Structure formats: structure tokens, C-alpha cells
Amino acid sequence: MKPTRLARGIFRELKGLVGSSEYPNTVDLWCALKEIPLIKLNLKNFGYELARQLQPRLEAIDYSGEPQGHDLVSKPTTQADMESSWFRFWCNQLQVAPIYHRKLWEFAFVLQALYEHGILQSGRDGIGFGCGQEPLASYFASKNMKALVTDLAPEQVAGLGWAESGQHATSLEQAFHPHIVAKELFDANVSHQYIDMNRLPDFGKTFDFCWSVCALEHVGSIQKGLNFIENALNVLKPGGIAVHTTEYNYLSEEKTIDNWPTVLFLRKHFEELATRLAQKGHTMLGPDFEIGDGVLDKFIDLPPYTLGKSWLSQEQWKDSNQTAHLKLSVDGFACTCFGIVIRKATSQGETPGHPHPEFPA
């Protein structure tokens, strides 16, 4: 039934800050709601200002010398991680200014986990899923490692918003970051392929490692995301390492978002995954569900969020006003990133140790 002209007029009156005579809108519902955008703005401004005042902590952290092992396990983003020497080390390696932002944590988490398991060495071979324009492939190439970056085909991405926000790579060139690696070294080590994460090709046990950064929550459902994690192990050699990050709904035990373009995983999903993988001889390190007790662990960022076309550029990180983004609201649920580290079983059903190799210059 189409709304009547009278109904449309009532709706306009309900939505307006002022009425037709420029008097303040005094409808009870509007009085209760009209301050909410300003409350959100105040919260965001105070949270970001707090992070700016804490910024000297990040800049003062000693990250010189070789990276160190920290026995990283599957876990959520925390302020303590951001203020660690390993986070600062990898920001320096990626040549980005450190800020309290979960996206930078994801990149650092992947690199630290791979380092701790002896993967960051010349000649290693990896595959990334849903890579977009992230800098990891360029970094791997700078260490003379092979990397296959994959993404959905352009016709499958249309209308989802990823291409518009710089989170999708339609060509190999968009994975190239000249401040990290020379073009010749990148071209020699990085390749590109369109892949649907719900229908992985049969690569065989080809790769030493695989990774994905906030991609598996976009494959259609929670179950499909969990299936992807298991299926991705099929591309790894025995003893290979998989590192993924995704969305973690950390304040809810049962209610969450599923069967949607972005789904939110609960603690029980990660626990069930760990059990299922163990039954097949694989090891999911941890998991640890402590969300942190720092002041920024208690700040839940609210939309709208900053995400632009050049979202990976050094300048945007350095000048960004969005300096406190560890926890956030996704459709009313409090979420953060959750990093997953999996060691695939060897052919003998045993899992190897994880040496800390000499870090390549």
C-alpha cells in the first residue's frame, strides 16, 4: 500500500529538527532521538583525542634490532598489543606510522605469526585470500618470498562497496606498494588470480603459508567462513601455517549477525573450530579471548568510519583523525578483530615446533 499524502507529511514532520514555522520539533519521539547524533560525535571526539594523547606511548616503544618471539596465539585485538615491541617493529617494516587502529594490528599480527613459525624466509611460497590493496604481498616480495594474491572477480564484487572503498584489487598493480619493495622484485615474486573463497581451486599441497585479513566474514555466512578456514588448509604443505583475521562479536554469547554480507563470529564459533581442527590433527594456537583492560579497549568506536580510496597510504595513517579504532559497533554489536593461527598437521600426524629464524635484512 502506498503511503498517503497525509502520512508522508507526518513522516516529514517527525524527521525534521524544526516544523513548518521554524519552531523546534516537540514530538516526544523526536525529542528522545534528536540528540543521539551529537552524543555519538562527542564520544568519537573524546575517544580519538584520548588516543592522540596516548600516541607518545607508541612512538617511545623500542622496536630496534631483530624481531622477538612472543608465542602469539589466536586472540582479539588489544591495546597492550598495540603498545608492544612486536607491533611497533612491523609498523616500521611496513613504513606506516603507528596509531591505535585495528587494521594495522591485523597486518602486524599476520607478520608476527609467520615470523614466529619460521615462514619469513627467502624462497617461501604463500597465498593470500581477499587481499584487496593490502601491503603484505609487497612486503613478502621484499624478502624474496613468493606470493599469490587473490580476490573475487570484478563482476562478483559489483555493488558490494569493496571496490569503492579501496578493499578490492582488480589487478596485480594494486597490490604493489613502492615504499616497501622495488618494482622488479615485486614483479618477480607476486602473481594475481581471481578466486571465490567459497570454491577454492585444487592447488594441491603447494604453499608454505596462507593468509587473509578481514575477508572470511564476507563469504556469506558464519558456517561458510568456518568452512573456508578448513578448506584453505588443503593448499598448504604438511606443517604449513595459516593466519587469518576476522570480526569477533565479543560482548554477546548467542545473538549475532549471520547470513549477511558481513557476519560476526562469537567465541563459541572459534572454540568449535579449534576442537574440529584438533580432531583432524591440526593445531589452532590458543585461543585466548581476553579483550584487554586498557582504556582504549573500553572505547567502542561508532560509525561513520574513515575508509577512503587511498586507505593504505602513509599519509592517510599519519594524518588520520580516526586514531582510536580497536573496538567498534557493527550494527549495534561490539566487535573487534580476532586473529587465528593454525599449524597444519604433518603427514605423520605430528606438528613441528616453531623456530625463530635469523630475520632477513
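Reading the sequence shown from the start, the letters are residues 18 to 378 in the working numbering. For each residue, glycine too, the CB sits at the ideal point set by N, CA and C. Small disclaimer: the values here were computed from a predicted structure and weren't measured.
Going by DSSP, what residues sit across from residue i in a beta bridge?
{"i": "Leu-50", "result": "Partner(s): none; Leu-50 has no beta bridge."}
{"i": "Ile-258", "result": "Phe-226, Arg-360"}
{"i": "Asn-62", "result": "In DSSP, Asn-62 forms no bridge with anything."}
{"i": "Asn-215", "result": "Paired residue(s): none; Asn-215 is not in a bridge."}
{"i": "Asn-266", "result": "Cys-352"}
{"i": "Ala-341", "result": "Tyr-117"}
{"i": "Pro-321", "result": "Looking at the DSSP assignment, Pro-321 forms no beta bridge with any residue, so it has no partner."}
{"i": "Lys-14", "result": "This structure gives no information on residue 14, because the portion of the chain shown stretches from 18 to 378."}
{"i": "Phe-282", "result": "Tyr-265"}
What are the boundary residues of the beta strand (DSSP E) that residue i is part of?
{"i": "Gln-210", "result": "207-211"}
{"i": "Leu-165", "result": "163-168"}
Confirm, please, whether the CB-CB distance from residue j to residue i is below 8 Å.
{"i": "Leu-250", "j": "Ile-359", "result": "yes"}
{"i": "Phe-355", "j": "Pro-93", "result": "yes"}
{"i": "Glu-234", "j": "Thr-279", "result": "yes"}
{"i": "Ala-154", "j": "Val-207", "result": "yes"}
{"i": "Ser-229", "j": "His-261", "result": "yes"}
{"i": "Ile-317", "j": "Leu-345", "result": "yes"}
{"i": "Cys-227", "j": "Phe-146", "result": "yes"}
{"i": "Lys-200", "j": "Lys-222", "result": "no"}
{"i": "Ile-357", "j": "Ser-91", "result": "yes"}
{"i": "Leu-89", "j": "Trp-107", "result": "no"}
{"i": "Asn-215", "j": "Val-198", "result": "no"}
{"i": "Leu-137", "j": "Lys-160", "result": "yes"}
{"i": "Gln-339", "j": "Tyr-80", "result": "no"}
{"i": "Ala-68", "j": "Ala-341", "result": "yes"}
{"i": "Asp-225", "j": "Asp-348", "result": "no"}
Thinking just about the alpha-carbon of each residue, which of the options is nearest to the one in residue i?
{"i": "Gln-191", "options": "Val-44, Gln-150, Tyr-211", "result": "Gln-150"}
{"i": "Lys-272", "options": "Gly-237, Ala-154, Gly-140, His-286", "result": "His-286"}
{"i": "Tyr-211", "options": "Thr-292, Pro-84, Ile-144, Ala-97", "result": "Ile-144"}
{"i": "Phe-350", "options": "Ala-164, Ile-357, Gly-311, Asp-275", "result": "Asp-275"}
{"i": "Gly-298", "options": "Glu-247, Gly-135, Gly-309", "result": "Glu-247"}
{"i": "Ser-269", "options": "Cys-352, Ala-199, Asn-244, Val-252", "result": "Cys-352"}
{"i": "Arg-119", "options": "Leu-313, Pro-321, Asp-348", "result": "Leu-313"}
{"i": "Thr-95", "options": "Leu-111, Met-162, Tyr-117", "result": "Tyr-117"}
{"i": "Leu-302", "options": "Val-347, Leu-50, Ala-362", "result": "Ala-362"}
{"i": "Ala-130", "options": "Ile-258, Asp-219, Gln-339", "result": "Ile-258"}
{"i": "Ala-125", "options": "Glu-133, Phe-104, Arg-141", "result": "Phe-104"}
{"i": "Cys-231", "options": "Lys-241, Pro-218, Phe-220, Glu-264", "result": "Glu-264"}
{"i": "Gly-309", "options": "Pro-84, Tyr-267, Thr-292", "result": "Tyr-267"}
{"i": "Gly-242", "options": "Lys-61, Asp-219, Trp-277, Phe-224", "result": "Trp-277"}
{"i": "Leu-75", "options": "Asn-109, Ile-56, Gly-82, Gln-296", "result": "Asn-109"}
{"i": "Thr-311", "options": "Leu-165, Phe-224, Glu-100", "result": "Residue identity differs from the one stated: residue 311 is Gly in this sequence, not Thr. Of the listed residues, the one whose Cα sits closest to Gly-311 is Glu-100."}
{"i": "Ser-139", "options": "His-87, Pro-304, Pro-321, Ala-205", "result": "Ala-205"}
{"i": "Glu-307", "options": "Lys-51, Ala-97, Ser-364", "result": "Ala-97"}
{"i": "Asn-244", "options": "Asp-213, Phe-224, Glu-83, Asp-225", "result": "Asp-213"}
{"i": "Pro-379", "options": "Leu-58, Glu-83, Pro-115, Cys-48", "result": "Lying before the first or after the last residue shown, residue 379 is absent from the chain, which here runs from 18 to 378."}
{"i": "Asp-219", "options": "Val-252, Asp-305, Gln-70, Thr-292", "result": "Val-252"}
Please report the residue range of the alpha helix (DSSP H) in which residue i lies.
{"i": "Phe-146", "result": "No alpha helix (DSSP H) holds Phe-146; the beta strand (DSSP E) holding it covers 142-146."}
{"i": "Val-127", "result": "119-133"}
{"i": "Ser-346", "result": "Segment 344-347 is the beta strand (DSSP E) holding Ser-346; no alpha helix (DSSP H) there."}
{"i": "Lys-297", "result": "No alpha helix (DSSP H) holds Lys-297; DSSP gives it neither H nor E."}
{"i": "Trp-107", "result": "102-111"}
{"i": "Gln-96", "result": "96-99"}
{"i": "Glu-247", "result": "239-249"}
{"i": "Ser-155", "result": "153-159"}
Does the beta carbon of residue i fall short of 7 Å from some heavy atom of the ligand MG?
{"i": "Asp-318", "result": "Here there are no bound small molecules, and the ligand MG is not part of this structure."}
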